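A.B. asks:
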Amino acid sequence: MKVSGGPIEVVSTDGVCLELADGSTLIDGIASWWTACHGYKHPHIVDAIVRQVQSMPHVMLGGIVHEQVLHLSRRLARLTLGDDAMCFFSESGSVAVEVALKIAVQYWINQGATERKRFACFQGAYHGDTTGAMSVCDAEDSMHSHFKGYLIEQFQAAVPETDAQRAVFSAWLEQHQSGLAGVIIEPLVQMAAGMRMHSAEAVSFIAAECNKWGLLLIADEIATGFGRTGTMFAHQQARVRPDILCVGKALTGGTLPLAATIASAKVYEPFHSNRTEHALMHGPTFMGNPAACAAANASLDLFEEDAEANRLLQVGQIESILQNELQTLLECSRVLDVRIKGAIAAVQLDEMIDVDDAMAFFRDEGTFVRPLRDVVYLAPSFTINEDELRMLCAAIAHFVAR
Ligand SMILES: Cc1ncc(COP(=O)(O)O)c(C=O)c1O
């Protein structure tokens, strides 16, 4: 608080824009941390929330159930791990990851394997801010690294792209698999690490290794889910099926807080028991909030029904504009790398970026862009039009050239 500049006061949102207290408007390049996939205030989602709040804003999900959560569970299961998958709802991505880790550990405990309590995870990973989630983030180079010693030590490897990295990963799994519950990965893009990207082949290699050693594969698609990388879920590009999948962020189209941990039927099986101690003991007060579930159902309607403005098609169009507008920045000596995947673009510079200074620059350009470390990036709403997107790209080009 002491060293960072004051925040920009926003009074309302419209389309892909932020309307500020001083009457000006900024084109938003990052869609509120990648959540507002249909643009802000989509009327179909707003109507669904209003209707739900008028009839039942909230009811606890212990011993009670409601249609919005049942409907959403069925839809998410069908869309991801299969009709027989099970969903656990929470209010944030971090908690969804926490629940995924607990499910994986208890999956083994319920079958008598009490030693399997660790995870393999990856350099550059970011999975959230709660304790378990922090333990599977990059241990050396993340905002959580000063908690080393407080957190459970996990096994951390480079995402296995090269033969040498694959050999190291395989050898480690072979040696330690009896103490491991599973492997957790952000498929294709490690967003919070600065949009670091890896191949679908690396993801399928990891899945094959999990298969070989009988480990659970957890895909954290909190950032990449719902079209961001060009397919509905990033893991689909690697043609793998995780055992547990975490979603959040764009689940409600960026309107209300909701996340889900989706477990395959295989994972659920040892919990479906006559012994009460086999149940998953985790119950956030606001889990399955009806208004948030209504928003998520409405968001899924837009993915399914909005044929005229097909979201994945829009992501493809965004990707080609980003390629055309930003790849040439590689010619600039300050630019080390340009990475583009779906509706994500990262321009990596040769030095750390002063965030306040950069935000002020982008504000003067009529845009909202908030760099991450040495990376200026875009992850806009999928409904952004060509002119707005080109304006964001031009602002980045001006920033790099200054
Ligand atoms: C891949 C990934 N996992 C988990 C999280 C944590 O989600 P939340 O901020 O909703 O707790 C994030 C947030 O950026 C994320 O990108």
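Quick note on the working numbering: the sequence shown kicks off at 15 and runs consecutively. We put the beta carbon where it would ideally sit given N, CA and C, even for glycine. If you're wondering where the values come from, they're calculated on a predicted model, not measured in any experiment.
1) Got a sec: does ligand 1 put a non-hydrogen atom nearer than 7 Å to the Cβ of Val261?
2) List the whole-angstrom C-beta distance separating Ser104 from Met295, where the pair is believed to meet the contact cut-off of C-beta under 8 Å.
3) Using the Cα positions of Thr39 and Thr269, report the straight-line distance between them to the nearest angstrom.
4) Within this structure, are the beta carbons of Val79 and Ser395 separated by less than 8 Å?
5) Bridge partners of Leu34, per DSSP?
6) Have a look at the DSSP bridge pairing and note the partners of Leu344.
7) Quick check on DSSP: helix, strand or coil for Thr128?
8) Ile276 and Ala99 look like a contact to me (Cβ under 8 Å); what is the Cβ gap, rounded to whole Å?
9) Could you give the C-beta distance for His141 and Asp234, rounded to a whole number, given that I count them as a contact under 8 Å?
10) What does DSSP give as the partner residue(s) for Val352 in the beta ladder?
11) Taking DSSP's pairing of strands, which residues face Val261 in a bridge?
12) Would you mind sorting Asn399 into buried or exposed? The rule is 16 or more other CB atoms within 10 Å of its CB.
13) What I want to know is whether the C-beta of Gly2 ends up closer than 7 Å to one or more non-hydrogen atoms of ligand 1.
14) Assess contact between the segment 247 to 261 and the segment 69 to 79, defined as three or more Cβ pairs (one per stretch) separated by less than 8 Å. Is contact present?
15) What number of angstroms, rounded off, separates the C-alpha of Leu115 from the C-alpha of Asp143?
16) Would you mind reading off the limits of the alpha helix (DSSP H) that contains Ile117?
17) In chain order, what residues of the same chain lie with their CB nearer than 6 Å to the CB of Ser26, ignoring the 5 residues before and after it?
18) So what does DSSP say about Met100, is it helix, strand or coil?
19) Is Val111 near ligand 1 - that is, is its Cβ less than 7 Å away from at least one heavy atom of it?
20) Quick one: is Asp12 buried, meaning 16 or more other Cβ sit within 10 Å of its Cβ, or exposed?
21) Please return the same chain residues whose Cβ sits closer than 7 Å to the Cβ of His160, not counting the five positions on each side in sequence.
C.D. replies: On the basis of the data shown:
1) no
2) Not confirmed; about 14 Å, so no contact.
3) Distance between the alpha carbons of Thr39 and Thr269: 20 Å.
4) no
5) Val24
6) According to DSSP, Leu344 bridges with nothing at all.
7) coil
8) Cβ-Cβ separation between Ile276 and Ala99: approximately 5 Å, consistent with a contact (criterion under 8 Å).
9) 5 Å
10) Among the bridge pairs identified by DSSP, Val352 is matched with Val361.
11) Ala274
12) exposed
13) Because the chain in this structure spans residues 15 to 416, residue 2 falls outside the shown range and cannot be described.
14) Segments in contact, no.
15) 14 Å
16) Gly107 to Ile123
17) These residues qualify, in order along the chain: Glu33.
18) strand
19) yes
20) No statement about residue 12 is possible, as the shown extent of the chain runs from 15 to 416 and does not include it.
21) none
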